[in-house]
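One structure is given here, and the rest of the page talks about it.
Number of protein chains: 2
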Amino acid sequence: MSSKAAVPFSRDSLEQVLKRRFFFAPAFEIYGGVSGLYDYGPPGCAFQANIVDTWRKHFILEEDMLEVDTTMLTPYEVLKTSGHVDKFSDWMCRDLKTGEIFRADHLVEEVLEARLKGDKAARGQKVEEEEEDDKKKRKRKVKEIKNVKLDDELVAEYESVLNQIDGYSGEDLGALIKKYNINNPATGGPLEPPVEFNLMFETAIGPSGQLKGYLRPETAQGQFLNFAKLLEFNNEKMPFASASIGKSFRNEISPRAGLLRVREFLMAEIEHFVDPEDKSHPRFAEIKDLKLKFLPTAVQEAGSNELVEKTIGEAVSSKMVDNETLGYFMARIYQFLLKIGVDPNRCRFRQHLSNEMAHYASDCWDAELETSYGWVECVGCADRSAYDLSVHSARTNEKLVVRKPLDEPRKVNDFEVDIDKKKFGPKFRKDAGPVTKFLTERTQCELEDLAKELADTGKIVTKVPGVEGEVEVPSELIKIERVERTEHVREFTPNVIEPSFGLGRIIYSVFEHSFWARPEDSSRSVLSLPPLVAPTKVLVVPLSSHSDLTPFVSKITNALRKAQLPFKVDDSSATIGKRYSRNDELGTPFGITIDFDTVKDNSVTLRERDSTKQVRGTLDDIVNAVKTITYDGVSWTKGTAHLTPFETQSEEK
Amino acid sequence: MSSKAAVPFSRDSLEQVLKRRFFFAPAFEIYGGVSGLYDYGPPGCAFQANIVDTWRKHFILEEDMLEVDTTMLTPYEVLKTSGHVDKFSDWMCRDLKTGEIFRADHLVEEVLEARLKGDKAARGQKVEEEEEDDKKKRKRKVKEIKNVKLDDELVAEYESVLNQIDGYSGEDLGALIKKYNINNPATGGPLEPPVEFNLMFETAIGPSGQLKGYLRPETAQGQFLNFAKLLEFNNEKMPFASASIGKSFRNEISPRAGLLRVREFLMAEIEHFVDPEDKSHPRFAEIKDLKLKFLPTAVQEAGSNELVEKTIGEAVSSKMVDNETLGYFMARIYQFLLKIGVDPNRCRFRQHLSNEMAHYASDCWDAELETSYGWVECVGCADRSAYDLSVHSARTNEKLVVRKPLDEPRKVNDFEVDIDKKKFGPKFRKDAGPVTKFLTERTQCELEDLAKELADTGKIVTKVPGVEGEVEVPSELIKIERVERTEHVREFTPNVIEPSFGLGRIIYSVFEHSFWARPEDSSRSVLSLPPLVAPTKVLVVPLSSHSDLTPFVSKITNALRKAQLPFKVDDSSATIGKRYSRNDELGTPFGITIDFDTVKDNSVTLRERDSTKQVRGTLDDIVNAVKTITYDGVSWTKGTAHLTPFETQSEEK
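Line by line, the protein sequences are chains A and H.
Under the working numbering, the first residue of the first sequence is numbered 331, with each subsequent residue one higher.
Under the working numbering, the first residue of the second sequence is numbered 331, with each subsequent residue one higher.
Written out as structure tokens, the structure reads:
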């Protein structure tokens, strides 16, 4: 057991530290707070800014992506087309007596899990929080828990329900609530059947109140809508990716679980536009040997949670992961997560089950991070096919396509429809429009059938949307024939691979993965944030307030500022140990101590947060070491190899 | 006349360039757009990110401010307390026939200005767009313009109205509309009287629909609400500043003027908390000799627009600017604006008139930038006194104060109120609360009067808010006497100095200040963005697609990436001149050309955008020169002094 694991993890201690050091706090706390809304204080804000900066360099700069900043206010029509108006919702149940509102799937989950726990206890089995390392685990307080033994059959039923909890419709949930007699867990009172609740925040744009709008639920739509402009900006070259970093909103029914489930959150999303006929990636070779932990559909469907570890190269070549571009991004996501402090042993890629995945998606994997709340979905990585561009194009009649010159012109011999418009109008009158539209929008396959019908019977008889009864089109009015043409250009709607990051969830997970307490004193907590993303890199500590030391403080801070290393000076009268402790909680990786030897020979001591090891060197050498370790990813051992180890007597007390 | 001014500025050309190069575009354009909403494309997004980065370094890092990131969703109560629910509104007039809605003050302004223009024309005077260099000038299309001569008296009246246009109430505006017979300018149809329209976007938080919220109209409130936590984070040290960068929202009645008046915008705000008894600033000496252009209240009230130029030191010592801290920030704002490309000759500080300024503010200056729309308010710099902390504290009963140990304890001899609560209840019944509250909240001055009344008449007779008739408190129930206490601590509510930046407006103004066309060909536009904030720093141009040159492209791009200099490669077949032209429009300050000499001796050519001057040197020397000029603020002349001037024959053709 490493020393970092000597003191068991406590979520309470972590939350106390994060609040005490103002990483974040409930928003509007002096007004009683609003659940699901949080403010980031100075260290949280700096940590977030560093993660955004790392993300921008890792993805946007490294891959030459086109960053856009689009509006959060979004008109109704756009989100109607994208499907959010109809489908971005959860089911809720009201308790008419208390006025409480429950999210139906969470309610069923909590109550059944509590009953299973009670059953276990009644059977004399050990019930531990740690046992429930389930991806869907959340904080729960179900008051009805009694240690009641259940029928074996019922236990199996409950377990089966819990395994499928993400896939139930509102009706299903209502039936389960009725069948298992689920009530308000706090009062035992009855609940109304589930009703649908759209999770978008609604508002009115402009003074008339007639233009309905929403706060965006994701940044993706703004990128899709700008596709044509982005393609032009990219000189019509494919593939390319756009990216966006910004706030999105989700009006959660009853948010809990701190930063994991909030109503306003920072997202970073990439939309990589690719030719559907070629999803290879030019840089795949660079990452193909990276090993990841997978939880594929097949394993989940077999009722197991066992991870499959293999290289992304193997995962793609075996078709477990659909294509190279999707695999490339999964590897890049993994590299990013490790860079900012995620524990590789607590990161897995879970494939979506068929009932979770949108009908149009061809594959989808979530990067999940393990926390005290279970495995948490932090990054989604989906192949959304041509869905988004197609629906917006259909709705607006704007072409959202790529025209790619063919290497060699090709002959096509397609069915084409030739309508005699002069006769069509008088015959069909008001139906002429719908009938024309219907006929011109048929696929090649359908046209082949219609051509045959026309040849065989001299007419087409068909139903047409928006027209009553059957429509009969005689052959005098229409021709459907194969026509040979030479094409020089292939026109296609690009597919979209979408890596989508919930930065708040990642931030919280990194806090959990970085938090530990010193074995010698469990009240001394440490946040081992990587130097690259730590809010402050260096704490400058003068040993005493003696005026001889003062000039060295500004000498050091000037050097640090020049090296772009954010620092804080702590010249308080607290002991050195106390001052370091405070900064261990803030995740500050380095401490520079100024003492009376500094006055003599310009040397200072550098302390490393996690090991509390110290080295001594000239001011320049020390600042250089810190810079190399922080920004070039060099290890402490290597970065300080040329410096003198420094034995301390009692400074950490 | 400098060569940059040789071709007259054209807003149309600028807008075409900004759209063609996708700096920004109307949001949801393929859906027909929504007025007042814009998306930033890749160069706009990068430019904005660089400005934010510069802002963060210039203010937050340089001054060690505490950055916070607070939520945009804000509950009703908070904005009710801050005054926004009641006062953050404009007046609008409806045309019931057409459904159009007009912002009342803009309507009056537009129509009167159009009539004055018509009058001028009728008098045979020259009417030029450029003549109206008025801060309030906006794009206007008033169809009723006829060249009708007006009475001299009416002209004077109109001019007086226009000078006071920002100060009118809704009733005033209604009276003016009636008096001057102002109708729908497009149709001549009648308008309804002005009604108030709150400019905040409203929404409901949570599923019950009962928690009313708004999108924040500014980032300031989130900072005020966290004051106590920030003070604690700062180890109770004063003064200190918090800062926040984020989107805010304003539901404009009828937004026009492009990026200048939008419904969703990026703000950067600082709240500097200061002791009301000491508004000096420790670093004031560093900036006191900086000269600014002022438009103080006195000059405006005298009907003049003439700027007063003096040092900020003189402005503060003469009390034209209220205090050192306010003056310090004005100077720092000016330095920031110049750094990112504002023309110093088109930047002024305008003091608010008494009818513009909030009643609690002790002084307020706007940094205004001159554009083709007139002088535009881009940064507000206000001393908001203790207003915000006081109202939130009063509403929530949370103490938002600073406790400062006194250098020496002091004796105070204040009046104190001692109420006999046992007798108060029976005597005043339901009024006991209001009467107690009224008496305990009196100032020292009022208590002195009440004590005298009590001594003289044996009772207090007074009106109490919320209580009918007069209240009589006999001396048996109350004592008001001086009590001597020793105070060791002074408790005070800090005052707030608030510099508040509208980044979108600044960005647009910088575009105007940077835009010009080459005299030799007015279709060749240039955006002279400073290297520090330019979206891309270097364009890499191989002279031909010959394979000998290819290895040098990656050699150069690797060197640029290592030096953190964003670049683009243009290896298209367009002429060098055309490739440079494209990048002149994108504001790219440097071009590096690879030619066949590069293959021989590893040398490349560096071209400067504005002068089109070129120098030649080794790859390392050239990259170093670019880095120094971009990030260290060194001039082109100095940064390339050691390199060989390079004469071109025809590359710019």
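Cβ atoms here follow ideal geometry from the backbone N, Cα and C, with glycine treated the same way.
- Against chain A, the CB of residue 355/H has a partner CB under 8 Å away; the residue lies at that interface.
- Closest in alpha carbon position to residue 726/A, among 809/A, 497/A, 410/A, 636/A, is 410/A.
- The DSSP-derived three-state label of residue 975/H is strand.
- Taking residue 493/A as the centre and dropping the five residues before and after it, the same chain places the C-beta of 633 closer than 8 Å to its C-beta, in chain order.
- Comparing C-alpha distances from residue 729/A to each of 936/A, 559/A, 959/A shows the shortest one belongs to 559/A.
- With a beta-carbon spacing of about 6 Å, residue 371/A and residue 353/A fall inside the 8 Å limit used to define contacts.
- At least one CB of chain H lies nearer than 8 Å to the CB of residue 376/A.
- Spanning the alpha carbons of residue 943/A and residue 833/A requires a straight line of approximately 32 Å.
- The continuous stretches of beta strand (DSSP E) do not include residue 643/H, which lies in the alpha helix (DSSP H) extending over residues 642 to 647.
- Contact note: residue 593/H reaches chain A through 401, 403, 535, 536, using a C-beta cutoff of 9 Å and chain order.
- Of the residues assessed, residue 514/H falls on the buried side of the cut-off, its CB having 16 or more other CB atoms within 10 angstroms.
- Between the region 372 to 387 of chain A and the region 861 to 870 of chain A there are three or more C-beta pairs closer than 8 Å, enough to call the two in contact.
- When DSSP assignments are scanned along the region 854 to 929 of chain H, the uninterrupted stretches of alpha helix (DSSP H) that are 4 or more residues long and fall wholly within it turn out to be 880 to 892, 906 to 915.
- With its beta carbon at least 8 Å from every one in chain H, residue 954/A lies outside the interface.
- For secondary structure counted as the alpha helix (DSSP H) over 4 or more consecutive residues, the region 400 to 441 of chain H holds these complete runs in sequence order: 406 to 412, 414 to 417.
- For residue 689/A, the secondary structure class from DSSP, reduced to helix, strand or coil, is coil.
- Secondary structure note for residue 510/H: it is in no beta strand (DSSP E), with a DSSP letter that is neither H nor E.
- Relative to the Cα of residue 815/H, the nearest Cα in the group 773/H, 756/H, 800/H, 746/H belongs to 746/H.
- Contact between residue 600/H and residue 395/H holds: CB atoms are separated by about 7 Å, below the 8 Å threshold.
- According to the DSSP assignment, residue 483/H belongs to the alpha helix (DSSP H) that extends over 482 to 493.
- Contact check for residue 709/H and residue 830/H: beta-carbon distance about 7 Å, within the 8 Å limit, so the pair qualifies.
- For residue 793/A, DSSP records a beta bridge to 800/A.
- For residue 835/H, the enclosing alpha helix (DSSP H) covers residues 833 to 844.
- Under the three-state reduction of DSSP output, residue 582/A falls in the coil class, being neither helix nor strand.
- In the three-state scheme derived from DSSP, where H, G and I count as helix and E and B as strand, residue 722/H is classed as helix.
- In this structure residue 870/A is buried. Its beta-carbon is surrounded by 16 or more other beta-carbon atoms within 10 angstroms.
- Taking CB atoms only, residue 372/A has a neighbour in chain H less than 8 Å away.
- Each residue's CA atom was taken as its position, placing residue 434/A and residue 501/A some 11 Å apart.
- Not one beta carbon of chain H lies nearer than 8 Å to the beta carbon of residue 841/A.
- In the DSSP assignment, residue 935/H falls within the beta strand (DSSP E) that extends over 933 to 938.
- Within the DSSP bridge table, the entry for residue 678/H names 698/H as partners.
- Our two residues, residue 768/H and residue 658/H, have alpha carbons roughly 41 Å apart in a direct line.
- For the region 543 to 600 of chain A, the continuous beta strand (DSSP E) assignments of 3+ residues that do not extend past its boundaries occur at 570 to 579, in sequence order.
- The Cβ-Cβ distance between residue 661/H and residue 642/H falls below 8 Å.
- Interface criterion not met: the Cβ of residue 935/A is under 8 Å from no Cβ in chain H.
- With 16 or more neighbouring CB atoms inside 10 Å of its own CB, residue 957/H falls in the buried class.
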